[in-house]
Structure formats: C-alpha cells, structure tokens
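S.K.: Structure provided below as structure tokens; questions to follow.
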Amino acid sequence: MATAPDFFVEQPTIVTDRLLLRPIAMSDAQEIYEYCSREEVTRFVIFPTHQSIADTEAFITSVITNDERGMVWAIVNKQSNTVIGTIGVHKVELQHRKLEVGYALSNNFWNKGITTEALKAVIQTIFEQTSINRIEALAMIENPPSTKVMEKAGMKFEGVLREFVSIKGVTRNMNIYSIIRSEYHKM
Ligand SMILES: CC(C)(COP(=O)(O)OP(=O)(O)OC[C@H]1O[C@@H](n2cnc3c(N)ncnc32)[C@H](O)[C@@H]1OP(=O)(O)O)[C@@H](O)C(=O)NCCC(=O)NCCS
Numbered sequence: 533m534a535t536a537p538d539f540f541v542e543q544p545t546i547v548t549d550r551l552l553l554r555p556i557a558m559s560d561a562q563e564i565y566e567y568c569s570r571e572e573v574t575r576f577v578i579f580p581t582h583q584s585i586a587d588t589e590a591f592i593t594s595v596i597t598n599d600e601r602g603m604v605w606a607i608v609n610k611q612s613n614t615v616i617g618t619i620g621v622h623k624v625e626l627q628h629r630k631l632e633v634g635y636a637l638s639n640n641f642w643n644k645g646i647t648t649e650a651l652k653a654v655i656q657t658i659f660e661q662t663s664i665n666r667i668e669a670l671a672m673i674e675n676p677p678s679t680k681v682m683e684k685a686g687m688k689f690e691g692v693l694r695e696f697v698s699i700k701g702v703t704r705n706m707n708i709y710s711i712i713r714s715e716y717h718k719m
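Residues in the sequence shown are numbered consecutively from 533, following my numbering.
What follows is the structure, encoded as structure tokens:
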C-alpha cells in the first residue's frame with residue numbers, strides 16, 4: 533500500500549449524507565456574511581462579528597491566499613445548495629504531524645448534528661489521506677455545544693488551557709480536545 537503524503541497536496545472535496553464540504557470561494561461571501569454578522573454565532577469564536585460584507589470578503593481572501601498549509605471548507609447543505617457554515621484546519625505542524633480544526637455554523641441549523649457530521653468526515657479524510665497523527669480542537673469553556681461536537685466526533689478531553697487567548701477583549705480559559713491516529717483506527 534502506498535504511504536500517505538504528509539498533508540493534502542490539493543484540498544479534497546468531501547461528501548457526507550447531508551453535506552458537501554468543498555473549498556471556500558469568494559462567491560460564498562454573501563451566504564457566510566449572513567450568519568457571521570450575527571453576534572449569537574460569533575460570541576465564542578476568535579474572529580469579530582462581521583460588520584459588512586467587506587469583512588467576510590477579507591476573511592475569505594485571507595483563507596484563499598494563506599501561504600501556510602491551513603484550509604477551509606464551505607459546509608454546503610446538499611438539499612438547498614447553500615453555504616451554512618465553515619470547517620477548517622490550521623496550525624498545521626508537519627514536523628509533529630499535527631493540526632487544529634475549527635468550525636462555525638449558521639444558527640438556523642444548530643442542534644441537528646450537522647457540525648458533528650462535518651467534523652467526523654474531516655477527521656476521517658485527514659487520517660485516510662494524510663500522515664497527520666494528531667488533530668486538536670479548542671473551545672471556550674463557556675461553549676458546551678462545541679465540546680459536545682468534539683466528543684461526538686471521537687475526540688478526547690485533555691484539559692483546560694488557562695487564560696489562553698483573548699476573545700472579544702476577554703482573556704479566556706479554553707478546553708482542549710484531541711484525537712490521535714491510533715484511536716481513530718479503534719473507532
Ligand atoms: C458549536 C457549533 C458548531 C455546534 O454545531 P451544531 O451543528 O449545532 O452541533 P451538533 O448538532 O452536531 O451537536 C451539538 C450538541 O450540543 C448540544 N448542546 C446544545 N446546546 C447545549 C448546551 N447549552 N449545553 C450542553 N449541550 C448543548 C446538543 O444537544 C448537541 O448534542 P446531542 O446531539 O448529544 O444532543 C454551533 O453551535 C456554532 O457554530 N456555534 C457558534 C460558533 C462556534 O462556537 N464555533 C466553535 C468555536 S470552538
């Protein structure tokens with residue numbers, strides 16, 4: 533069997549029962565702005581609430597032109613063919629064969645298992661198509677829905693990173709979760 537590359541040579545498109553995860557594009561700006569402009573959605577994430585579509589376009593530009601290895605998928609609802617969220621990988625450290633995942637979903641679609649479905653598929657694709665060994669995710673301790681998603685996707689709680697980041701001007705404790713390759717094969 534051929535050895536998997538260190539990381540994706542090209543960003544793959546991923547299909548699940550309800551979702552299409554495909555590389556984010558500038559044409560997604562309006563649909564992403566729709567939910568990233570809501571404080572309810574951005575309260576627990578590092579990026580500020582988008583004030584105008586220019587903020588969303590700047591976000592997409594930073595993703596598309598990023599010269600690190602990070603990549604973001606648009607979460608497309610297959611039924612309506614609309615973008616309802618994003619999921620991405622960043623802080624890719626090939627030397628340590630690890631990376632971090634992050635996600636945000638329009639609140640119109642919360643609590644339907646959608647992010648869990650997307651995260652499971654991204655974890656599977658990373659472990660099946662690359663040599664990455666460890667996938668991490670962080671969430672504010674005040675954000676139980678996010679840690680629930682991590683648990684449902686097979687990630688394990690490792691601890692609390694104390695006063696780890698400043699989010700919207702407040703220094704926050706973050707829960708850290710991870711899944712490692714050997715556990716994935718046991719799932
Ligand atoms: C966190 C987020 C991505 C979850 O997406 P989602 O598609 O609704 O997640 P899922 O439906 O797959 O799972 C959510 C789980 O949290 C649970 N949950 C929801 N509110 C909860 C609460 N207040 N306390 C505890 N659990 C809660 C749900 O019941 C569900 O678990 P279940 O399937 O066992 O019932 C979504 O809420 C979001 O985008 N939030 C804003 C951005 C954000 O916080 N991103 C993550 C930054 S780390």
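Backbone N, C-alpha and C fix where the C-beta goes; we use that ideal spot for every residue, glycine too.
Residues in the same chain with beta-carbon distance under 7 Å from Ile708, minus the five sequence neighbours each way, listed in chain order, please.
M.R.: So the list reads Glu668, Leu670, Glu690, Gly691 and Leu693, once near-sequence residues are dropped.
S.K.: Measure the alpha-carbon distance for Lys644 versus Ser638 and round it to whole angstroms.
M.R.: 11 Å
S.K.: State the DSSP-derived secondary structure class of Val577, mapped to helix, strand or coil.
M.R.: Residue state, collapsed to three classes: coil.
S.K.: How far does the beta strand (DSSP E) with Val541 in it extend, from its first residue to its last?
M.R.: Where Val541 is concerned, there is no enclosing beta strand (DSSP E), given that its DSSP letter is neither H nor E.
S.K.: Assuming Thr581 contacts Glu571 (C-beta within less than 8 Å), just tell me the rounded distance between them.
M.R.: 5 Å
S.K.: Look at the alpha carbon of Ser714 and the alpha carbon of Ile546, and state the distance between them as a whole number of angstroms.
M.R.: 22 Å
S.K.: By the three-class DSSP mapping on this structure, what secondary structure does His582 have?
M.R.: Coil, per DSSP.
S.K.: Determine the direct distance from the alpha carbon of Thr657 to that of Lys623, and round the result to whole angstroms.
M.R.: 17 Å
S.K.: What runs of the beta strand (DSSP E), each 3 residues or longer, lie entirely inside the segment 639 to 690?
M.R.: 666 to 672
S.K.: Buried or exposed for Met558, please, with buried defined as at least 16 other CB atoms from any protein chain shown within 10 angstroms of its CB.
M.R.: exposed
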